[in-house]
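Data block below; observations after.
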Ligand code: 5GP
């Protein structure tokens with residue numbers, strides 16, 4: 001079987017609970033590596049540089065773009081967000097499934113560049129629940145919450161380009177469903193072309 005990891009692209013509206021879901025997935029299973037993004041957004045209380053994000057100013061971020069150090073990047077509600085290349089490549093080669101928790105523009109760029117990547121979209125049970133979670137989180141101003149809801153309305157149009165939907169109703173069940181989906185993806189024929197080639201060769205040799 002193929003021992004290279006899968007590039008997992010996880011998107012979902014702000015407030016869908018995808019962050020909590022990813023943390024729980026990583027806590028339960030050790031085959032995952034989380035790609036820490038670069039951003040120009042200011043840290044929220046409790047966020048740590050190098051853990052949630054690499055926080056930086058706009059100049060620094062633009063230098064990373066110029067030096068081709070990012071796998072993808074996008075602008076989201078007034079800030080830059082991007083995936084540093086180095087860590088992703090290293091972890092995939094080591095056989096880890098690498099999680100990119102990114103918005104839809106970046107996700108679709110990754111899908112173009114890496115056709116073998118697996119795109120997962122996390123949905124809240126309803127839009128009312130989504131809004132309630134954003135307000136309850138209390139980390140954003142009403143204006144930012146409104147922009148994030150508006151962005152959600154645009155992102156909805158892209159969902160069908162993803163491979164799988166993950167409805168985040170119950171965190172415990174959702175983590176297990178998600179992990180099961182990823183495990184199955186490892187057995188997809190398109191990710192195991194080498195194994196298929198080997199068996200073809202063995203058949204040839206058998207009849208020689
Ligand atoms: P937040 O500010 O709530 O942490 O993230 C805002 C949005 O940016 C979320 O949808 C998050 O998934 C996305 N995001 C985080 N890192 C990246 C990245 O490296 N690239 C892209 N394209 N989006 C990102």
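Residue numbers (our numbering): 1 to 208.
Glycine included, every Cβ here is placed at the ideal spot set by N, Cα and C.
query = For the alpha helix (DSSP H) that residue 184 lies in, which residues bound it at each end?
reply = 171-185
inquiry  = Assuming residue 36 and residue 120 are in contact, meaning their beta carbons sit under 8 Å apart, how far apart are those beta carbons, in whole angstroms?
reply    = Their Cβ separation, rounded to whole angstroms, is 19 Å, which puts residue 36 and residue 120 out of contact at 8 Å.
ask   = Got a sec: does the ligand 5GP put a non-hydrogen atom nearer than 7 Å to the Cβ of residue 73?
value = yes
message = On the CB-based measure, 16 or more other CB atoms within 10 Å of its CB, does residue 169 come out buried or exposed?
response = exposed
request  = Determine the contact status of residue 134 and residue 15, defining contact as a CB-CB distance below 8 Å.
outcome  = yes
query = Using DSSP with H/G/I as helix, E/B as strand and the rest coil, what is residue 33?
reply = strand
Residues near residue 171 in its chain [Cβ-Cβ closer than 8 Å; skip 5 each side] = 17, 20, 21 and 24
ask   = How about residue 32 and residue 102: are their beta carbons less than 8 Å apart?
value = no
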